[in-house]
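Following the numbering used here, the numbering of the sequence shown begins with 7 at its first residue and continues without gaps.
Data first, discussion second: the structure below is written as structure tokens.
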Amino acid sequence: SEEKILSQKEFLAAHEGDYNEIDYISYLKTFEQFHHIPRHLKYKQKDYLEYLKALQKYLRGFIQRQRPIFDIEKLEKESEEEFQERWQAKSVQGWGAGFTRNSRLYCPPTDRLFANEQALEGHKRGKEFKKAAARMAKMHPEEIEALNKLSEKRDMELARL
Numbered sequence: 007s008e009e010k011i012l013s014q015k016e017f018l019a020a021h022e023g024d025y026n027e028i029d030y031i032s033y034l035k036t037f038e039q040f041h042h043i044p045r046h047l048k049y050k051q052k053d054y055l056e057y058l059k060a061l062q063k064y065l066r067g068f069i070q071r072q073r074p075i076f077d078i079e080k081l082e083k084e085s086e087e088e089f090q091e092r093w094q095a096k097s098v099q100g101w102g103a104g105f106t107r108n109s110r111l112y113c114p115p116t117d118r119l120f121a122n123e124q125a126l127e128g129h130k131r132g133k134e135f136k137k138a139a140a141r142m143a144k145m146h147p148e149e150i151e152a153l154n155k156l157s158e159k160r161d162m163e164l165a166r167l
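Below, the structure is given as structure tokens:
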């Protein structure tokens, strides 16, 4: 099933009023719903990735403090195996539409994902894109494939977290 990619404006409109300060319990009930965040707001966003890693570190520490004899390594191994199965089956929530690089809003020369066609077209008129496109035109197929693999790796890292 093809997932609908929302523009940033559509996402914000759909969640208007959702951005209220919430208490800790409310946060815990909703914090894991990362699939609701449009991919263009996640892809190659350093702050987002840092937040996810910090959250993961916090949760790991929390489990270790609350259940000191719990085998967290076993849980992590099982979680990774389950993730790999779901990733291969393309059933990870929010990632069923495929790799970012296959999106019509993805720009391969600059490895960027845009919210809408207008933003992408505006980007293509800029110097950064033109220079990157010229560099990419000179690349060997193996180099382009390596860039594709890097993009896929970023997708998988984001989906895993």
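Built from N, CA and C at the ideal position, the CB exists for glycine as well.
Everything numeric in this text was worked out from a predicted model, so none of it was measured.
query: Does DSSP put Y49 in a helix, in a strand, or in coil?; result: coil
query: Give me whichever residues DSSP pairs with Y112 in a beta bridge.; result: L119
query: Taking just the CA atoms, how far does L164 sit from D29?; result: 26 Å
query: Per DSSP, what kind of secondary structure is W93 in: helix, strand or coil?; result: helix
query: Have a look at I78 and P147 and give me their C-alpha separation to the nearest angstrom.; result: 42 Å
query: Please say whether S157 and T106 have beta carbons closer to each other than 7 Å?; result: yes
query: Is the beta carbon of A121 sitting closer than 7 Å to the one on H42?; result: no
query: On the three-state DSSP scale, how would you describe K144?; result: coil
query: Can you list, in chain order, the residues of its chain with a C-beta nearer than 6 Å to that of Y54? Leave out the 5 residues immediately preceding and following it.; result: K48
query: For E27, name the three-state secondary structure that DSSP assigns.; result: coil
query: Within 10 angstroms of its Cβ, does P74 collect 16 or more other Cβ (buried), or is it exposed?; result: exposed
query: Is it the case that the Cβ atoms of R160 and F89 are separated by a distance below 7 Å?; result: no
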